[in-house]
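K.L.:
Structure incoming, see below.
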Amino acid sequence: MNAAYEFVVGPLAWIAGAIFVLGSIYRLVSMYALAVKKDYSSLPYMDLKYSLRSIIHWLNPFGTAGWKASPWTAAVTFIFHICLIITPLFLLGHAVLLETFHGIEWPTISDGLADGLTMLVIAGCIFFIIRRATVDKLKYITSGMDWFVIFLVLATFLTGFAAYHQWLNYQFILILHILAGEAMLASIPFTRLSHMIFWVFIRGYMGSEFGKVRHAKDW
Amino acid sequence: MRLASSWDWEPGQRVVLESTKCSEEHEWQEEFYASPDGERLACVVRLSDFESGVWVNGEVWESRFDRVWYPRFGPDNRLTVLAQAEMDWTVATEDAAWEDSYTYVWGTRFSEDGAHVAVSVQQDGAYGMIVDGKIWDTLYENANNFTLSPDGSRSAAAVQAIPMGQAEVAKFKAGVFTVAVDGQAWDKIVMNAWTPVFSKDARKVAAQIRLTHFDYAIAVDGGLWPDTYQMVWEPVFNPANGQLAAPVKAGGAWGVAIDGLMAWKPRFFQCWQPVFSRNGQRLAAIVAPEYGEFTVAIDGQPWSWTYPVIDQVVLSDDGSCAAARAKDNDEKWTIIKDGKPWERTYDMVFSPAISPDGAFAAAKVEKKGQHRIAVNGHELETVFDQAWDPVFNPEGDKILVRGLSQGKFLRAVVPVEQYRY
Amino acid sequence: MSIPGIRDRKIEDVGLQAGVDRLTEDQIQKTIKKVLKGETGAKLKLYAETCMRCGLCAEGCHYYMSHDKDPSYAPVSKVRQTMWEILRHNGKVSPEFIYGCAQIAYTECNMCKRCAHYCPLGIDIGYIISVVRRICHKLGVVPLYIQDTAHSHSATMNQMWVKDDEWPDALQWQEDEARDEIPNLRIPLEVEGADIFYSVIGPEPKFRTQLIYQAAVLMNETGQSWTMPATPGWDNSDMAMYTGDYEVMGRIKRAHFDTAMRLKVKRIVMGECGHAFRSIYDMGNRWLGWKMHPVRVMHAIEFYHELLEKGQLKIAKTFDTPVTLHDPCNIIRGRGLMDQAREVVKAFCPNFVEMTPNREHNYCCCAGGGVINCGPPFKNVRVEGNKVKAEQLIRTGVPVVIAPCHNCHGGLEDIIHAYKTGQELKFLIDIIYECMEKPDAVE
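Protein chains in written order, with our numbering: chain A, 1448 to 1666; chain B, 137 to 557; chain C, 24 to 466.
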């Protein structure tokens, strides 16, 4: 068990991290190269000001037609994403690992708060799963990839939650948690989770076209 | 331009006539046209509610019509108008109307020497052309893209050779259009035919062709180049050797093919308005080396200076020099000559002229509604309410300036040597 | 591959049927691969990959809202039934599937881009649908009527098979007509160096000549330096853009802009048309390699607004009947003319009532994007697919609807008729013509 633990927090973590970082860089660079070559009548219209204008408006959960039309989904989406990002980044347990292995001091949030945020992420996952399973328009468009990414997130946070509360076999659950987390990290560049790295550009492009060319809002 | 040798090229300015005379005598006066040699000024005037006439240098033609439009001076300085009488239309040159009249005529064209006049015609619902009063023997369901050979001996158009009912999509795809030369349609019927063009000797005709929704080709005298392309633009004949050049799109990029072989490797985002120099040695075209950036390429080599918009390339006789109109991002126009723009920009720059040796480029320029003539980036002094495009003399050391200023029609011959770069 | 949705509502169209009858799966795959590889890039790839299948775009679509939230009409569902399947099968799809793709892409999406306001990612579904159309065009599977229109564009450079002589003839006829009212009126043809080239769409000289008449009166009575060409290139419309025939789109846009450059005008002012504006301002110019329009293009609304601002257009009387304004997608979402439109309307119409939603969020007319040009077989698709529009119109409670766009007119006319809203439809120029000062007019 110890050896397995050593492996997942050691080499495997490195591999997952490398896949995430290098994979993301690769995806961004190759996508940009493709855009230069093929989307030459779109790329020149990219504009920082209007990209930001669009991004900022869409970061307001009450600020756009789309969010307003589905306020519950909007609310859950925001809470889910905020917790999803904050929790792993500032969890004490993760910070301890960083300090132990790399001597890096990292700000943290309290365990109680992290626990709450984790529950919110899990609740968010359940909301999305139920929504996807029951709402007609979602059933119509859902594919295996959609289930994969949401269950991957759920698995990561559920095992994290279980590990923190020392449910079942702590070490086993912890290893599972780490594995799931690493799987998620490594999946980001190559699955639908890639919206994490591409979102600002997609949003920015739409914002640029609407702002610079169309003189209209895109929210 | 060669016709110009007989014009008055004595340097100096003279008042040809008081242009205000026209509006004093006629309540209804349309816009003025000046003859190429600057000796005559014409416009359409309304003589009564039901009668229009043609005013030239103070005299009104004896012929009167119900309606007159499209007054145009030919290269030989003769005036031709389109005129309607008794519901039918005809053509009148220098106060002499053609004998026959037609349901509708339009699109006056002149041969290079001005001796021949052609128009497009619709006669009882059928379409074709008339040259010097002689109508095509065969008329068609529809015709457009009319053209006249440089020597005026032959005429051609894209014609609809096969009748087609409403929304007959399959029939259209199978082909109903072709090119007719002097009224005779090619055997080859295609989906679309555009911009037929004559060789200098008028013996060959080429056109753009669309064979299927996405196969484009170039046709010469009814035969096709072996390759098809993603798209093509207007072909042009080399005046010296009769070779045919056309911009073609292949592999997603534009180049130029000559007689069916790729001559400029397709690498441009756009390529159009091909033009040969008079001696046939050089080929120029407008190209976009990058998206949104246009310039002129000569023999496939683009100038480094680019603009959002480039228009109307003119080449010197030997092709060593070129000029074109260019518009910048602030909606201002200038002339770009031999790769370098003039220093000043204008609200509008009109058709550029280039001297035969290419040393000088000139154009009418407009700022705040006033016209001037500029040579190699220098504005001539006289400010006009309206001017016409400048013309170089055959020697290329003087330009003819024509314009209206303070109620006078002025004609000036200006030596240009001092504006040499 | 076949899923409930389009397969359950197939509509017979001669053009679509004849198109798919000739196809084999291998041909289809070959063509699709060529289009995807040659003409699409990062945009399509990212849209397909990062769409989170969240369904938020559904509420953005009038088809979805009008069909009691039938999931197959959601914007994302239209992509689900077309592009995603195409990508999933690497282009190897059946002819029957292509029929469905064409029916969805040409008749169940107006490419109005209203859904852009609903997608958090910023995915441009209108663009994806345009790629589907491009594929269908390349496969020769296009509804009969709009294909015929695209053929007209290619053969005559206008939308309505208007022959070269019919154009100047129509203008001269309108000039004669208008001189009864304004004796010194001119429609100046081919005047090089005029300030404005006034451009219209194909149907105007054919069926809506009064619009040319009214525009001529406006130009004349506000003292504009303007001209109209006597050659092809006068038409600004573009159904080739909507069939996916970009080569013909490029050709007709070049003809239009070349005409403007030949006449050396400072700007093109166009009549109240939406799709033509999109073609000139956004689509055609780009395909030709011009980053923006090479000659400045001004939509009628912008022009009216300028005339009012400069004091050239003076108001003789107001139009007192209560009116509402329909915001056309291509000039509001496509050009941001919503404020100017309102200022012009309010200048003439003191009793102006907003419809809701409005401005960028207005519901589409359901005729645009070439849908109305697909002709009679699909009329019900757009009437039934736009119940929300009828409800929106009825809620305003006003007798007059102003729609400054030709396609919107066509669409709204049918909606008004089918749902018996009893409203009268007007162009802005109808009201301006009726209410403006005409100093040269004779009684």
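Note that the Cβ used here is the ideal one computed from N, Cα and C, for glycine as well.
Looking at the unbroken beta strand (DSSP E) that takes in L1564 of chain A, where does it start and where does it end?
P.N.:
L1564 of chain A -> not in any beta strand (DSSP E); alpha helix (DSSP H) instead, spanning 1558-1581.
K.L.:
Could you tell me the alpha carbon to alpha carbon distance between G398 of chain C and Q415 of chain C, rounded to whole angstroms?
P.N.:
25 Å
K.L.:
Which term fits R111 of chain C, buried or exposed, when burial requires 16 or more other beta carbons within 10 angstroms of its beta carbon?
P.N.:
exposed
K.L.:
Less than 8 Å between the C-beta atoms of D350 of chain C and N374 of chain C, yes or no?
P.N.:
Taking a C-beta distance under 8 Å as the contact criterion, D350 of chain C and N374 of chain C do not qualify as a contact pair.
K.L.:
What ranges does the beta strand (DSSP E) occupy inside the region 116-165 of chain C, keeping only unbroken runs of at least 3 residues that lie completely in it?
P.N.:
none
K.L.:
Can you tell me the Cα-Cα spacing of G388 of chain B and A1482 of chain A, whole angstroms?
P.N.:
15 Å
K.L.:
Please report the Cβ distance between Q344 of chain B and W330 of chain B, rounded to the nearest whole angstrom; I am assuming they are in contact, meaning their Cβ atoms lie under 8 Å.
P.N.:
4 Å
K.L.:
Return the CA-CA distance between Y263 of chain B and Q446 of chain C, expressed in angstroms with no decimal places.
P.N.:
44 Å
K.L.:
Kindly indicate which three-state DSSP category W310 of chain C falls into: helix, strand or coil?
P.N.:
W310 of chain C: helix per DSSP, three-state reduction.
K.L.:
Closer than 9 Å, Cβ to Cβ, to anything on chain C: give me those residues from the region 1573-1599 of chain A, in chain order.
P.N.:
F1575, R1578, R1579, V1582, D1583, K1584, L1585, K1586, Y1587, I1588, T1589, S1590, M1592, D1593, V1596
K.L.:
Measure the Cβ-Cβ separation of V99 of chain C and I1649 of chain A and say whether it is below 8 Å.
P.N.:
no
K.L.:
Using a C-beta cutoff of 8 Å, does P1491 of chain A count as contacting chain B?
P.N.:
yes
K.L.:
Just list the beta strand (DSSP E) runs in the region 389-449 of chain C, keeping only unbroken ones of 3 residues or longer that don't cross its boundaries, in chain order.
P.N.:
Whole beta strand (DSSP E) segments, 3+ residues: 423-425, 447-449.
K.L.:
Can I341 of chain B and A292 of chain B be called in contact, C-beta distance under 8 Å?
P.N.:
The residue you asked about is not Ile; residue 341 of chain B is Val in the sequence shown. Result yes, Cβ atoms of V341 of chain B and A292 of chain B sit closer than 8 Å.
K.L.:
Quick one: complete beta strand (DSSP E) runs, 3+ long, within the region 178-229 of chain C?
P.N.:
219-222
K.L.:
Under the rule that 16 or more other beta-carbon atoms within 10 Å means buried, what is T54 of chain C, buried or exposed?
P.N.:
buried
K.L.:
So is R103 of chain C buried or exposed if we call it buried at 16+ other beta carbons inside 10 Å?
P.N.:
Answer is buried; the Cβ neighbour count reaches 16.
K.L.:
May I ask you to report which of helix, strand or coil DSSP gives S155 of chain B?
P.N.:
coil
K.L.:
Alpha carbons only, please: which of C:H298, C:I219, C:L46, C:K412 is nearest the one belonging to A396 of chain C?
P.N.:
At residue 396 of chain C the sequence reads Asn, which differs from the Ala that was named. Nearest C-alpha to N396 of chain C: C:H298.
K.L.:
Straight-line CA distance for V400 of chain C to E35 of chain C?
P.N.:
According to the sequence provided, residue 400 of chain C is Pro. The question's Val does not apply to it. Cα to Cα, the separation comes out at about 7 Å.
K.L.:
So, is H507 of chain B buried or exposed, given that buried needs 16 or more other C-beta atoms within 10 angstroms?
P.N.:
buried
K.L.:
Shorter than 7 Å, the distance from the beta carbon of E553 of chain B to the closest heavy atom of the ligand NAP, or not?
P.N.:
What this structure holds is no ligand at all, so the ligand NAP is not there to describe.
K.L.:
Thinking V190 of chain B and P207 of chain B are a contact (beta carbons under 8 Å), I'd like their distance in whole angstroms, please.
P.N.:
6 Å
K.L.:
Out of curiosity, what's the CA-to-CA distance linking A499 of chain B and S541 of chain B?
P.N.:
17 Å
K.L.:
In the structure shown, what three-state DSSP assignment does F342 of chain C receive?
P.N.:
coil
K.L.:
Taking 8 Å as the threshold (beta carbon to beta carbon), is S1488 of chain A in contact with chain B?
P.N.:
yes
K.L.:
Skipping 5 residues on each side, what residues in its chain have a beta carbon closer than 6 Å to that of R1639 of chain A?
P.N.:
M1592, V1596
K.L.:
What are the residues of the region 194-224 of chain B that lie near chain A, defined by any Cβ-Cβ distance shorter than 8 Å?
P.N.:
none
K.L.:
Less than 6 Å between C-beta atoms, sequence neighbours within five positions excluded: which residues of the same chain meet that for N181 of chain C?
P.N.:
G225, D258
K.L.:
What is the DSSP secondary structure of S175 of chain C, counted as helix, strand or coil?
P.N.:
helix
K.L.:
Considering Cα atoms alone, identify which of B:G396, B:D144, B:G416, B:Q259 is closest to T274 of chain B.
P.N.:
Minimum Cα distance to T274 of chain B is reached at B:Q259.
K.L.:
Let's see if you can read the secondary structure: which residues bound the alpha helix (DSSP H) around K503 of chain B?
P.N.:
Element bounds for K503 of chain B: not the alpha helix (DSSP H) but the beta strand (DSSP E), 497-503.
K.L.:
With a CB to CB cut of under 6 Å and the five nearest residues on each side skipped, what residues in its chain are close to W408 of chain B?
P.N.:
Cβ within range, chain order: W369, P383, I422.
K.L.:
What's the call for E460 of chain C, buried or exposed, on a 16-neighbour Cβ count within 10 Å?
P.N.:
exposed
K.L.:
Drop a sphere of 10 angstroms on the beta-carbon of E198 of chain C, count the other beta-carbons inside from all chains shown, and report buried for 16 or more, exposed for fewer.
P.N.:
Under this definition E198 of chain C is a buried residue.
K.L.:
Check the Cβ-Cβ distances between I1620 of chain A and every residue of chain C, and say whether any is below 8 Å.
P.N.:
no
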